[in-house]
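S.K.: Residues in the sequence shown are numbered consecutively from 1, following UniProt numbering.
Quick reminder that beta carbons are idealized off the backbone N, C-alpha and C, glycines included.
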Amino acid sequence: MKHRKEAAGGRTLLKHARKSSNMSRQKLLELRRQAMAVRRQKAELQKVEAKKMALRRIQSAHNKKTHKTFDRGILRCVQDGLVESIESLGESVTPLSLFMAAFTALSRSPEKHHISYLLAILSACAPRLSQGILLHQLDPAITLTEQIIAENVATNHLIVAKAMKFAQQLMLSFHPPFMRLLSAFSRLEPSKLQVDTMKMYIVTFRKLLERAALCVESSPPGAHPVRDAKTGAYILSESQKFFVEALPRFVKVCVANFTDSPVSVVSTTTSELAGLFQRTISPYIVESLEGREMIEGVVSAHLLELLKPHCQLYWGYALEIMESLFGRLSYLKRTSSGDEMSFTQRFPSFPFLLRVLNKLRVMDDPKLNGKVERVMVALGKGMSVQEFVSIIPFDPRRAHDAELKAANGVAEEDAWATSYVLGVLRRIASHDSLPFFVENFFPSIQFVRNIALEYEKQQRMELATKWTALLQQYWRVGVGFCHYPRIITKDSFREVAKQLVGLMSHPLFVDTSATALHVLCDGYHELATTESLEDDMDEIVSNNEGNEEERLDDDQRETFTQGKRALPQKSGLEEDTYFLAVNDPTWNRHIYHGISQERAVDVCKNVIARFSANIMPKLCNTFEGHDSTAVLLAIQSFSRVCTPDVMQVILKGILDLGTNIALQTREKEITAVTKSNHTPLTGKRRMVLDISCAVIAQLPAAHVETLYNDVIEPVLMDPAPESRLLQKKAYKLLFAMFEHRIKDIFPLLPRIAGLLTVGRQHITISGIKMRLRCLVWALDACKMYHPEQIVSMIRAIVGETIMLSRERSSETRATSMDLLEKMQRYLVGAGNPVNMLLHLVLAGFSGKTPWMISSTVVAMAKVVYVTHQELPEADLDAAISLGFRMMESASPDVRSAAAMFARMVLKLMKRCRRVAAAVEKSLPKLLLAIALTTSQPGVSSNIRLQMRVLLEKCIKRFSFERLEPIFPVGSKNFLRYTQKMMKREQKKEERELMKHATEKKNEFDRLFLGAAMKAGTEDDAERDLLQAGALTSLVSTSALPFFDTAEDAEDSGDELDKMHLEFQDGKLHIMSIEEKRQQVERQRRQEMADRLLHRGHHLAHADSLNERALGMRGKRSRVEAEDFENDELLLRYGNKINNESARGTIAAAQSRVGPGANQIEKLRDQQREKRELKRMRVEEDIRKGEEFKGRGDGDVRRGNMAPYAYIPLNRQYMNKRHQREAMQRLMTVAHTHMKGNKAKLAKRAKNKTAK
C-alpha cells in the first residue's frame, strides 16, 4: 500500500506506522476508558486477593489457639470402632444403628478429641433416618448439642462447628418442617459476643428457611400453588406456610444483632438476610394472604427499628436489607394483581417508611445518599408514580416563591430539599401511565420553562442555568415514562409528541426528545412483532386446581430409594416459569412488561403511526443540523412504526437528495474545488448515508438500485482523502444491504464485486473492518448466486486479503484468516486444484515493500496449515523451503513473519509425516538462516531469543548430535550455548521434581520409624494407639461401609483438614503438617547451634556436663550422671589407647596466643585516632568563637561584633541513642568556671599537655 512508506534503512516499523492516524478522538477516549477499567478491575482483584490472604493469616493464627484440626483418618478410625462395637452385639450396621451408637458414645462423656468425629458421624446419619426416629431424638439431640457448645465454645472451635453442623443436618432432615422444630432450634442461640458461633447459628437458620421456601412437596395438590377462586390470592403449601411463620422470628434475631454486636456479626447477618430475601421471596408468597401479612409485619415491626437513632452506625447495612426485599416486590406494578390492589393498600406501612427514607435523604449524608436512593427506587418500582408523588411531592412553584424571598435562606433550602425526587422518578417511571405524566408534570414543565425564559431575558444567567437544568430533569423523567407505558392513549401521545417535536429546535433538549421517541417506538414495536407466550403462562398460573398430568417430573420427589429416604430437593426460583416471566425480560416479554401483543399492535398502528407526518420529517430535518446517535436511533425506531405513505415520501426525499449531490459532483467536479465548498455536500452525504442505513430494512425494493447508484457507488469511487469517514459509512450501508436486502441486490452483485475488488487507500481502521465484512458477504453471495465467477472473484480480492493479514486490528487479522480459509473451501468445492490458492498467495512475493512480503508469508502459513494433508509434495516442500529462506531477510517484519511460519511448521511436523519429511529436507536452510541472523553485529537480544526458541525446537525434534555436523561452523557456539541452556533448564526441572517427590514421601516411614526410639515401652505405644482408635484401623482386614456426609454438610470446607501423628516421649501427638515442618526446622537449627557452640569451646568442665545431664528430663542417679560424664569425655577427647582427639584439642588451644606489647600499643593508637576522628565529625558544624580569642585568657571584639559561640540544631543528635554526642557538642563551648587554686592547677595541666 502506498501510505506505508519505508523508514530509514529500508525498515518498516509495524508498531509505529500511522500511529493513531485512522483513529477518531472518540475511539481513543473509549480505548483509554477500557484500559482504565481493566487496570481498575485488576487493582480490585488484587485488593480482594490481599484481603483473602490477610484473612487466611488471621485464621491460621486463630487456629493455633482454639481451632483444632480435623483428620479424616481419625474419623475413619472412630467409625471403624463404632462399627466393631455394633457387630460385636450381633447387629447389622445401618444408619440408625450407627447413629444410636455414636449418640450413646457422645452422651457418656468421651475423650475430647473424639467429640468432633462423633458429631460428624451423627451429621452424616441424620438425613437417612425416618421422620419418627428424628422426632423421638429431637429433644435429646438438641439438649446434648447445647451442652457440647456450652462446654467448648471458648476452647475448641472445631467441636462447636461440628455441633452446629449436626444441628443443621438435623433441622434439614425434617420435611415438612414445623414450629416445634424451630422452638427447639432456638435453644441453641448463642450470645452476640460469641462471633463465630453466632455466624454459624445465623447460617443454619437461613438454610432451614431457604429449604422450606424452595422445597417442592411430593403430594400432588401442593405441586404448584394455585389461586383462591374468591380472593384471587395464592394458597401456600405446608413448607411455605412454615417459611411465612418462621421468617419474622429470623428477622427478629437478625435485628437484635444490630445492637451491641461486633461489625463482623452485623455484616454476616446482613448478607444472610439479604440473600434469603433474594432467593426466597417469590410471587406465590407475595400474592398470598399470609405472605402479605408477613411482609407487612416484618417491615413495620422489625426493619423500621433499624432506622432509629440507636442503630445509626449500621444504617448502611439496614438499607441493603431493605433494597433486597423491595426488589422482590417491584414486579407488582407490571401485573394484573398490582392493578387490582394498589401497592400502598397492599402494604400500609410502606408510605411511612418512604417518609422516613425521605428524612434520611434530606439530611444529605454523602455516605448514605446513594443507598437511600437505591432503596427508594426499589420501593418505588412496585408502586405507581402517582402514589409516590403523593407521598413525597416536589413543587417548583414553592421553590420559586422561596427564591423570591431571598431573606429567608432556610426556607429556600427546604423548598429545594426534595428536588432529588426527580432523579428517583426517572428510574421508577417505566411501565406507568402516559396520561398521568401529561396531567401532573406538564403544568410544572410549563412553569419551569417560563421561569427559565424570564431569567434569561433578565440576563441572570446563573438562575437561568439553574432552572434550565431543572427543566432537563423533568424531561428526563418524561423519557422514563416512555419506557413501556402500560397506559397510553392517542390524546396523551399527541401532547407528548407535540412537546418533543418542539424541543428538537433547542440544542440542549434534542438528544432527550429523540431518546424518548426511540425508547417508546422501539419498545412497542418489539412487543408487537414478538410472538406472544401468554397462553402457555395461563396454563401455569391459572386458577384451576393442579392435576397430576400437569406436574413436571422434576417436581416429584421419591420418599424412598433403594432402602434410603431421598433428601428433599430444591426447586430454585430460577427454574420457576412464573418467576422467570415476571423477573426476566428475555423470558417472556409480554408477561414481564404487562403489555399483550394485541395491545402493542394497536398502539403502533392506531396511536403512534397517526402522527408520522409530523414526527418523521422533523427527525430527518433535525438530523441534518444535529447528527447525534440519539436522533439516528429515533429515526431508525420510528421508521418501523411509521405509515408506508409517509415513509415513501421520506425515502423519496433522501434519494432525491442523494441524486442531486451526485449530479453536483459530476457537473462542478467538486474534487477540484476548495475544501470550504466541499464541506456542505460532504455533510449532506453523511446525513443521507446515516439515514439510509437506519431505514434500509423498510426501503422498498424499487429504490435499492437507486440507493446504490446515487449514494454508495459515488462515495466508494471517490479517491479524495477527505472522504474517509464517508467511505466507512458507505461500507456500513453496503453491509446492511447485504444483511437485510440480499435478494434485492442480486442483480447488482457483479457491479458490487467489481467495486470491492478495487482497493481503497484513504479509509479509517473501522472502515477497513466494514470493507472486509463486505468482502466476506460478497464472496458468499457470489458462491450462492454466481458460482461460475467464484474464481475470478477470489483472484480479485486475494491480494487485499493478504495485505489485511498484518493489520494492527486483531479483529481484522482474524477475519482475513477466516476469509482465506473460506476461499480455499470454495475453490476446492468448485473443482479447482488444492494448490491453486497457494499459487495465488505466492504471487504476493513479487511485492516491493516489506509489508507485502511479510503479509504474504503469514498468508502462506495459513494456507499451508489448512491444506498440509492434501497439498502436493512438491508444493509443500517448496513452500516450507521458501518460508525458511525468508528468515534471511534484512527486514525485521519479514524475518518476524518467517519465524512465525517456522514455529508453525515445527509444531505441525509432530502430527503430520509429510510436513516432517519436508522440514527434514529444508533443515539446512533453516539452520543457515538462524546462523546468519545471530551472527550479525547489531542483533538485538529479542531477535537472539527468538532464534534460540526456534533452535531449541529443532534440537527437540532432531537431537543435538544430528544438528551439530550440519550447523554452520562459524555459529556453532550459539548451538552449544542453546544446548547448554536446555540442559540447565532440564536439570532445574529435575531438581524441582525431586524436591516435590521428597516432600511427598511416605509419612509412615518418616514418622513412625524415627519415633520408635523415643516411644517408650511397647505397652505404652499400644495403649496410645488404642486410645486414638488407630489400632482398629491398622489391623482391620476388610473394607467396612462408610457413610458419606450429606451434600449440605460442608465438611469439605473445614480448616486445617490435614493431620499428623507422631510418637514423642512415649505419647502419641497430633499436629498439623505445618506445625510438624516448623518443629523439624527448629530441631535442625538447634542441632546446628549446638555443634557450633561445641566447636567454639574446646574445653568442657566435668561439673557442667553433670549439671547438663541432671537438667535433662527425668532424674538420674549419681552413677548414671558419672556414666554420662564418662561417655561425653570419651566422645570428645578419646580414650587412653586413641589420644588423637586430645592431641588435636591441645594443639588448637596452644595455637591461640594473645597479642604482644607492640601490638597492644598499635591497637591503642588506632583506637585513639578513631576517637579523634569521631570528635571532629561531631564538632565540625559548631562555631566555637575562636576568632574572638585574645592574647590573654579573655575574648575581644572582632569586626564590630561581640564574641559569640553557635551550636546549630541537628536532628540527628535529638535521638536518645546519640545523647553522649549531644552532650559533647555542648561541652565544646560551655566550660566549667574555676577560681583560685583550681584554676591555677587547670592552667598548669593545660600548658603541660600543650608542651
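What would DSSP say about SER288, mapped onto helix, strand or coil?
M.R.: Position 288 of the sequence shown, counting from 1, holds the residue named residue 288. Residue state, collapsed to three classes: strand.
S.K.: Between the region 283-298 and the region 229-242, do at least 3 Cβ pairs fall closer than 8 Å?
M.R.: Yes, they touch.
S.K.: Among residues of its own chain, excluding the 5 on either side of PRO747, which ones have a beta-carbon nearer than 8 Å to its beta-carbon?
M.R.: For this step, residue 747 is matched to residue 747 along the sequence shown. Taken in chain order, the residues that qualify are GLU705.
S.K.: Go through its chain and collect everything with a Cβ distance to HIS483's Cβ below 6 Å, but skip five positions before and after it.
M.R.: For the purposes of this step, residue 483 is identified with residue 483 of the sequence shown, where counting begins at 1. Excluding positions up to five away in sequence, the list reads SER430, VAL519.
S.K.: Taking 6 Å as the limit between beta carbons, can you name the residues of its chain near SER637, skipping five residues before and five after?
M.R.: Start at 1 with the first residue of the sequence shown, and residue 637 comes out as number 637. Within the same chain, SER637 has close Cβ partners HIS518, CYS521, ASP522.
S.K.: Using 8 Å as the cut-off, can you tell me whether the region 312-328 makes contact with the region 371-383, which would need three or more C-beta pairs spanning the two stretches below that distance?
M.R.: yes
S.K.: Tell me whether GLN79 is buried or exposed, calling it buried when 16 or more other Cβ atoms sit within 10 Å of its Cβ.
M.R.: As a working mapping, residue 79 is identified with position 79 in the sequence shown. Result: buried.
S.K.: Contact check, SER239 vs PRO176 under 8 Å by CB: the rounded distance?
M.R.: Position 239 of the sequence shown, counted from the first residue, corresponds to residue 239. Position 176 of the sequence shown, counted from the first residue, corresponds to residue 176. The pair is a contact, with the Cβ atoms about 5 Å apart (cut-off 8 Å).
S.K.: Taking 8 Å as the threshold, find out whether the region 414-431 comes into contact with the region 451-459 through three or more Cβ pairs.
M.R.: no
S.K.: Terminal residues of the continuous alpha helix (DSSP H) containing SER419?
M.R.: Along the sequence shown, read from residue 1 onward, the residue named residue 419 stands at position 419. That residue, SER419, is in no alpha helix (DSSP H); it is neither H nor E in DSSP.
S.K.: Apart from the five residues on each side of it in sequence, which residues of its chain come closer than 7 Å, Cβ to Cβ, to PRO787?
M.R.: Here residue 787 is taken as the residue at index 787 of the sequence shown, counted from 1. ALA830, listed in sequence order.
S.K.: For LEU463, which of GLU403, PRO485, THR104, ASN440 has the nearest alpha-carbon?
M.R.: Counting from one through the sequence shown, the residue named residue 463 turns up at place 463. Comparing Cα-Cα distances from LEU463 to each of GLU403, PRO485, THR104, ASN440, the minimum goes to GLU403.
S.K.: Which full runs of the alpha helix (DSSP H) of 4+ residues lie inside the region 918-968, going along the chain?
M.R.: Within the region 918-968, the alpha helix (DSSP H) runs of at least 4 residues that lie entirely inside it are, in chain order, 923-934, 941-958, 960-966.
S.K.: Give the range of the alpha helix (DSSP H) segment to which ASN583 is assigned.
M.R.: Taking the sequence shown and counting its residues from 1, one reaches residue 583 at position 583. For ASN583, the enclosing alpha helix (DSSP H) begins and ends at 577-583.
S.K.: What three-state label does DSSP hand VAL834 in the structure shown?
M.R.: By 1-based counting over the sequence shown, the position of residue 834 is 834. Note: VAL834 maps to coil in three-state DSSP.
S.K.: Just how far apart, CA to CA, sit PHE258 and ALA301?
M.R.: What you label residue 258 is simply residue 258 of the sequence shown in a count that begins at 1. What you label residue 301 is simply residue 301 of the sequence shown in a count that begins at 1. Roughly 15 Å between the two C-alpha positions.
S.K.: Are the CB atoms of ARG1225 and GLU1186 nearer to each other than 8 Å?
M.R.: Residue numbering aside, residue 1225 sits at position 1225 when the sequence shown is read from its first letter. Residue numbering aside, residue 1186 sits at position 1186 when the sequence shown is read from its first letter. Not closer than 8 Å, so no.
S.K.: Using 10 angstroms around the beta-carbon of GLN499, count the other beta-carbons present and answer buried if the total reaches 16, otherwise exposed.
M.R.: Within the sequence shown, residue 499 is the residue found at index 499, counting from 1. Buried, by the Cβ-count rule.
S.K.: Going by DSSP in three states, TYR1204 sits in which element: helix, strand or coil?
M.R.: Here residue 1204 refers to the residue found at position 1204 of the sequence shown. TYR1204: coil per DSSP, three-state reduction.
S.K.: Measure the Cβ-Cβ separation of ILE797 and LEU775 and say whether it is below 8 Å.
M.R.: Residue 797 sits at position 797 when you count from the first residue of the sequence shown. Residue 775 sits at position 775 when you count from the first residue of the sequence shown. The answer is yes: Cβ separation under 8 Å.
S.K.: Within its chain, find whatever has a CB closer than 7 Å to the CB of ALA417; leave out the 5 residues flanking it on each side and keep chain order.
M.R.: Walking along the sequence shown from the start, residue 417 turns up at place 417. Counting only Cβ-Cβ distances below 7 Å, and skipping sequence neighbours, we find VAL362.
S.K.: Are the beta-carbon atoms belonging to ILE591 and VAL582 less than 8 Å from one another?
M.R.: For the purposes of this step, residue 591 is identified with residue 591 of the sequence shown, where counting begins at 1. For the purposes of this step, residue 582 is identified with residue 582 of the sequence shown, where counting begins at 1. Cβ distance < 8 Å, so ILE591 and VAL582 count as in contact.
S.K.: Would you say THR629 and MET504 are within 8 Å of each other, going by their C-beta atoms?
M.R.: Taking the first residue of the sequence shown as 1, we reach residue 629 at position 629. Taking the first residue of the sequence shown as 1, we reach residue 504 at position 504. Contact flag unset, no.
S.K.: In angstroms, rounded to a whole number, what distance separates the CA positions of SER183 and MET164?
M.R.: The residue given as residue 183 occupies position 183 in the sequence shown. The residue given as residue 164 occupies position 164 in the sequence shown. The straight-line gap from Cα to Cα measures roughly 16 Å.
S.K.: Can you check the region 108-181 for any beta strand (DSSP E) of at least 3 residues that lies completely inside it and give the ranges in chain order?
M.R.: none
S.K.: With a threshold of 16 other CB atoms inside 10 Å of the CB of HIS114, please say whether the residue is buried or exposed.
M.R.: Taking the sequence shown and counting its residues from 1, one reaches residue 114 at position 114. Classification of HIS114: buried, given that the 10 Å Cβ count is 16 or more.
S.K.: Using the C-alpha atoms, what's the distance from LEU276 back to VAL244?
M.R.: One-based indexing of the sequence shown puts residue 244 at position 244. One-based indexing of the sequence shown puts residue 276 at position 276. Using only the alpha carbons, I get a separation of about 13 Å.
S.K.: CB-CB under 8 Å to ARG806, same chain, minus the five flanking residues each way: which ones, in chain order?
M.R.: Here residue 806 refers to the residue found at position 806 of the sequence shown. Excluding positions up to five away in sequence, the list reads LEU14, ARG813, TRP851, SER854, SER855, VAL858, ASP893, ALA897.
S.K.: Considering only residues of the region 601-643, which uninterrupted alpha helix (DSSP H) runs meet the minimum length of 4 residues and lie entirely inside it, listed in chain order?
M.R.: 612-625, 629-641
S.K.: How far does the alpha helix (DSSP H) with PRO714 in it reach, from first residue to last?
M.R.: Stepping through the sequence shown from its first residue, residue 714 is reached at position 714. It spans 713-716 - the alpha helix (DSSP H) in which PRO714 sits, taken as one unbroken run.
S.K.: Where does THR559 land, buried or exposed, given buried means 16+ other C-beta within 10 angstroms?
M.R.: Stepping through the sequence shown from its first residue, residue 559 is reached at position 559. Confidence is the limiting factor: at THR559 the pLDDT is only 31, short of 50, which leaves the residue's position unreliable and the question unanswerable from this model.
S.K.: Rounded to whole angstroms, what's the CA-CA distance from ARG948 to ARG32? Just pull it up for me.
M.R.: In the sequence shown, the residue the question calls residue 948 occupies position 948. In the sequence shown, the residue the question calls residue 32 occupies position 32. Going by the C-alpha atoms only, they are around 36 Å apart.
S.K.: Out of curiosity, what's the CA-to-CA distance linking SER267 and ASP196?
M.R.: The residue labelled residue 267 in the question sits at position 267 within the sequence shown. The residue labelled residue 196 in the question sits at position 196 within the sequence shown. Between the C-alpha atoms of SER267 and ASP196 there is a straight-line separation of about 12 Å.
S.K.: Do the region 463-476 and the region 367-376 meet, that is, are 3 or more Cβ pairs less than 8 Å apart?
M.R.: no
S.K.: Just checking my contact of LEU354 with VAL372 at CB under 8 Å: how many whole Å lie between their CB atoms?
M.R.: For the purposes of this step, residue 354 is taken as the residue at position 354 of the sequence shown. For the purposes of this step, residue 372 is taken as the residue at position 372 of the sequence shown. Rounded, the Cβ-Cβ distance is 11 Å, inconsistent with contact.
S.K.: Spatial neighbours of GLN979 within its chain, please: CB distance less than 8 Å, with the 5 preceding and 5 following residues excluded, ordered by chain position.
M.R.: Here the question's residue 979 lines up with position 979 in the sequence shown. So the qualifying residues of the chain are ILE955, PHE960.
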